[in-house]
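In our numbering, the protein residues as written are 9 to 107. Glycine residues also receive a C-beta, built at the ideal position from the N, C-alpha and C atoms. Contents: one structure, followed by commentary.
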């Protein structure tokens with residue numbers, strides 16, 4: 009069982025419960041069953057090692073913000089990060105599915 013390699017922040021290895029989500033039928037298809045965002049605000053701490061105590065802390069990490077975007081920090085503006093956090097905090101069991 010592996011962990012994240014600090015020198016390669018884009019590396020993903022199967023870990024514990026994440027491994028059990030691989031090849032699980034999700035909507036009739038095999039693949040990775042992505043965890044729900046329902047009440048994600050109540051799941052602190054965040055990140056694989058629990059190093060982000062809040063959603064705000066998750067989005068403060070420039071390395072994570074620019075991963076998968078060719079190094080472009082799409083959330084460099086604090087107001088945009090605040091909007092994302094408020095959106096995530098609004099998702100609960102009463103939120104209708106997105107189209």
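Measuring CA to CA, which of the options is closest to residue i?
| i | options | result |
| --- | --- | --- |
| residue 81 | 65, 71 and 87 | 71 |
| residue 51 | 75, 86, 79 and 97 | 97 |
| residue 86 | 79, 69 and 78 | 69 |
Check for me: the alpha helix (DSSP H) holding residue i runs from which residue to which?
| i | result |
| --- | --- |
| residue 71 | 70 to 74 |
| residue 106 | Unbroken run through residue 106: none, as it is neither H nor E. |
| residue 93 | 86 to 98 |
Tell me which same chain residues have a C-beta within less than 7 Å of the C-beta of residue i, skipping the five on either side of it?
| i | result |
| --- | --- |
| residue 67 | 73, 83, 89, 92 and 93 |
| residue 49 | 63, 96 and 97 |
| residue 104 | none |
Might you give, ordered along the chain, the residues of its own chain that have their beta carbon closer than 8 Å to the beta carbon of residue i, omitting 5 neighbours on each side?
| i | result |
| --- | --- |
| residue 47 | 99, 100 and 101 |
Is any beta-carbon of chain B found at less than 9 Å from that of residue i?
| i | result |
| --- | --- |
| residue 83 | Protein chains in the displayed structure number just one, and chain B is not present. |
Determine which residues share a DSSP beta bridge with residue i and list them.
| i | result |
| --- | --- |
| residue 60 | 54 |
**Asked** Does the segment 61 to 70 come close enough to the segment 88 to 95 that 3 or more CB-CB pairs lie under 8 Å?
**Response** A contact is defined here as three or more CB-CB pairs under 8 Å, and the segment 88 to 95 meets this definition with respect to the segment 61 to 70.
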